[in-house]
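Here the structure is laid out as structure tokens; the discussion comes afterwards.
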Amino acid sequence: MKKAVLLVNLGTPDAPHTPEVRRYLKEFLLDGRVIDIPALSRWLLVNLIIAPFRAPRSAKAYRKLWTAEGSPLKVYGERLKTLLQDALGEDYEVYLAMRYQNPSMRSILAQIQQKAYEQIILLPLFPQYASATSGSVIQKFYDETRHWQAFPSISIVSYFYNHPAFVQALASRARPYIEADRYDYFVFSYHGVPVRQIQKADLHGCCLQTEDKKVAGCCSRLHEQNQYCYRAQCFATTRLLAEALQLPAERCITAFQSRLGKAEWIQPYTEDVIRQLAEQGAKKVLAFSPAFIADCLETTIEVGEEYKELFEALGGEKWVLVESLNDHASWVEALRQIVTEATLNISRQTVPTQATTVTNQTTA
Numbered sequence: 001m002k003k004a005v006l007l008v009n010l011g012t013p014d015a016p017h018t019p020e021v022r023r024y025l026k027e028f029l030l031d032g033r034v035i036d037i038p039a040l041s042r043w044l045l046v047n048l049i050i051a052p053f054r055a056p057r058s059a060k061a062y063r064k065l066w067t068a069e070g071s072p073l074k075v076y077g078e079r080l081k082t083l084l085q086d087a088l089g090e091d092y093e094v095y096l097a098m099r100y101q102n103p104s105m106r107s108i109l110a111q112i113q114q115k116a117y118e119q120i121i122l123l124p125l126f127p128q129y130a131s132a133t134s135g136s137v138i139q140k141f142y143d144e145t146r147h148w149q150a151f152p153s154i155s156i157v158s159y160f161y162n163h164p165a166f167v168q169a170l171a172s173r174a175r176p177y178i179e180a181d182r183y184d185y186f187v188f189s190y191h192g193v194p195v196r197q198i199q200k201a202d203l204h205g206c207c208l209q210t211e212d213k214k215v216a217g218c219c220s221r222l223h224e225q226n227q228y229c230y231r232a233q234c235f236a237t238t239r240l241l242a243e244a245l246q247l248p249a250e251r252c253i254t255a256f257q258s259r260l261g262k263a264e265w266i267q268p269y270t271e272d273v274i275r276q277l278a279e280q281g282a283k284k285v286l287a288f289s290p291a292f293i294a295d296c297l298e299t300t301i302e303v304g305e306e307y308k309e310l311f312e313a314l315g316g317e318k319w320v321l322v323e324s325l326n327d328h329a330s331w332v333e334a335l336r337q338i339v340t341e342a343t344l345n346i347s348r349q350t351v352p353t354q355a356t357t358v359t360n361q362t363t364a
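Be aware that the sequence shown starts at 1, since it is given in UniProt numbering, and climbs by one per residue.
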């Protein structure tokens, strides 16, 4: 019996125009795990303020990003699906869905339900775990399958930031840049989340226990109590990648981008880091976006263009962004290993008769 591999990324508008972008923003921001405030307040905020005013600006940015084939995030996703299928072979069938918009998780799961798979491997394409990303995908998976009468075994890869093959794939992307030039600093810019979301996931009361929330604090090392902390996993990703590339730790900076609204978000903010580096006289910076596995608005436009303009306006000479993994061969191999390790050792003679849920995490 075959196994189904369901890759899920965040999503993208169907077209780089205001109506399609507005539709995407509404579905995305109305998710209670993304904007975690009371439902009525969230509905009013998204429908009356954010979507109407943000959609035209976002559509303009998407038009800069769009290619002849479509949105890079979706284009690379489709390529990745095909390449991973080839790498895994005939024992697996690989699917791609988006958490928001198309192809929808509902439509893809309907296809999966029609086949008698031995196992479903759910793999949210977010290296670090966060409630608003991987958590939302996992919840959506169970929301869409709760009516199924028969379940295969289910394996969920909650995160893979510390998988050696993933780290090496990132390093292989960055190494040509490091060999080609000397940089003053290396900035690792991750997508931000509100502080309250980090603290909601803290069951031990240790979150951000430091006088200065801009520094790592309790996130400076991973331990049993903060192993699911998104911020701690981001700092750990930076350390792992710096070690793989043999970069000096004192010149590697972890920062967070893409704030929304007036709430406090996890720090340090990438914009603040850029200003501080410029004040210190830094001239050359190599930037990474290790929270994203495919080029998208947050990488190509925000980090690659907007932060570059800010750095140069402040006196910097060179801001270079390492492109995302996209469909790179090392990334396909990393995914092959992750999926293989998540595969359960189930007898091919056994027909599953009841729901069995097993959550697997890859480990370094």
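The beta-carbon is built from N, C-alpha and C at its ideal position, and this holds for glycine as well.
Item to complete: Just the C-alpha distance for residue 372 and V339, rounded to the nearest angstrom, thanks.
Response: With the chain represented from 1 up to 364, any question about residue 372 goes unanswered, as that position is not in the structure.
Worksheet entry | C-alpha distance - A4 paired with K64, whole-angstrom precision | If you number the sequence shown from 1, residue 4 lands on position 4. If you number the sequence shown from 1, residue 64 lands on position 64. A4 and K64: Cα-Cα distance of roughly 35 Å.
Worksheet entry | Where the beta strand (DSSP E) containing G77 begins and where it ends | Counting from 1 along the sequence shown, the entry for residue 77 is found at position 77. Careful: G77 lies outside any beta strand (DSSP E), inside the alpha helix (DSSP H) at 72-88.
Practice prompt. Run the CB neighbour count on E211, radius 10 Å, all protein chains shown included, and call it buried at 16 or more, exposed below.
Written response: Translated into the one-based positions of the sequence shown, residue 211 becomes position 211. Residue placement at E211 is poorly supported in this model, since its pLDDT is 44, which falls under 50; the coordinates are not used for a value here.
Fill in: Element boundaries [alpha helix (DSSP H), containing K2]
Counted from its first residue, the sequence shown places residue 2 at position 2. Note, K2: premise wrong, no alpha helix (DSSP H); not H, not E.
Worksheet item: Quick one: what's S104 bridged to in DSSP?
Response: Counting from 1 along the sequence shown, the entry for residue 104 is found at position 104. BP columns for S104 point to M98.
Practice prompt. Would you mind listing the alpha helix (DSSP H) stretches within the stretch 33-77 that are 4+ residues and don't spill past its ends, in chain order?
Written response: 39-45, 51-65
Worksheet item: So what does G11 bridge to, in DSSP terms?
Response: Position 11 of the sequence shown, counted from the first residue, corresponds to residue 11. In DSSP, G11 forms a bridge with Y100.
Worksheet item: Thinking just about the alpha-carbon of each residue, which of S155, Q199, A97, I108 is nearest to the one in T12?
Response: Here residue 12 is taken as the residue at index 12 of the sequence shown, counted from 1. Closest by alpha carbon: A97.
Worksheet item: Can you tell me whether DSSP reads P290 as helix, strand or coil?
Response: For the purposes of this step, residue 290 is taken as residue 290 along the sequence shown, with counting starting at 1. Reduced to three states, the DSSP call for P290 is coil.
Discussion item. Closer than 8 Å is the cut-off here; do at least three beta carbon pairs connect the stretch 130-144 with the stretch 295-310?
Written reply: no
Worksheet item: Which of the three DSSP states, helix, strand or coil, is assigned to E211?
Response: As a first step, residue 211 is located in the sequence shown; it is residue number 211 there, counting from the start. For E211, the predicted model reports a pLDDT of 44, less than 50, meaning its position is unreliable; a value from the coordinates is still stated below. If DSSP states are grouped into helix, strand and coil, E211 belongs with coil.
Fill in: Neighbourhood of T350 by C-beta, 6 Å cutoff - its chain only, sequence neighbours within 5 removed
The sequence position of residue 350 within the sequence shown is 350, counting from 1. Bear in mind that the predicted position of T350 carries a pLDDT of just 40, short of 50, making it unreliable; the figure below should be weighed with that in mind. So no residue of the chain qualifies.
Fill in: Residues that DSSP places opposite A255 in a beta bridge
Sequence index remark: in the sequence shown, residue 255 carries index 255 (1-based). Answer by DSSP bridge pairing, in chain order: S189.
Worksheet item: Are the CB atoms of Y228 and Y129 nearer to each other than 9 Å?
Response: The residue you call residue 228 lines up with position 228 of the sequence shown. The residue you call residue 129 lines up with position 129 of the sequence shown. Taking 9 Å as the Cβ cut-off, Y228 and Y129 qualify as a contacting pair.
Worksheet entry | Environment of E224 [buried if 16+ CB atoms lie within 10 Å] | For the purposes of this step, residue 224 is taken as the residue at position 224 of the sequence shown. Exposed: under 16 other Cβ atoms inside 10 Å.
Worksheet item: What number of angstroms, rounded off, separates the C-alpha of I274 from the C-alpha of R251?
Response: Taking the first residue of the sequence shown as 1, we reach residue 274 at position 274. Taking the first residue of the sequence shown as 1, we reach residue 251 at position 251. Their Cα atoms are separated by approximately 13 Å.
Practice prompt. Would you kindly work out how many angstroms separate the C-alpha atoms of E90 and R79, rounded to a whole number?
Written response: For the purposes of this step, residue 90 is identified with residue 90 of the sequence shown, where counting begins at 1. For the purposes of this step, residue 79 is identified with residue 79 of the sequence shown, where counting begins at 1. Answer to the nearest angstrom: the Cα atoms are 17 Å apart.
Item to complete: Taking K200 as part of the beta strand (DSSP E), name the residues at either end of that continuous run.
Response: What you label residue 200 is simply residue 200 of the sequence shown in a count that begins at 1. Taken as a continuous stretch (DSSP letters only), K200 belongs to no beta strand (DSSP E), being part of the alpha helix (DSSP H) at 195-200.
Worksheet item: Going by other Cβ atoms of all chains shown within 10 Å of its Cβ, with 16 needed for buried, is L48 buried or exposed?
Response: Here residue 48 corresponds to residue number 48 of the sequence shown, with the count starting at 1. Looking at its Cβ environment, which holds fewer than 16 other Cβ atoms inside 10 Å, L48 is exposed.
Worksheet item: What residues are listed by DSSP as bridge partners for E93?
Response: As a first step, residue 93 must be located in the sequence shown, where it is residue number 93. In the DSSP output, where bridge partners are listed per residue, E93 has A4.
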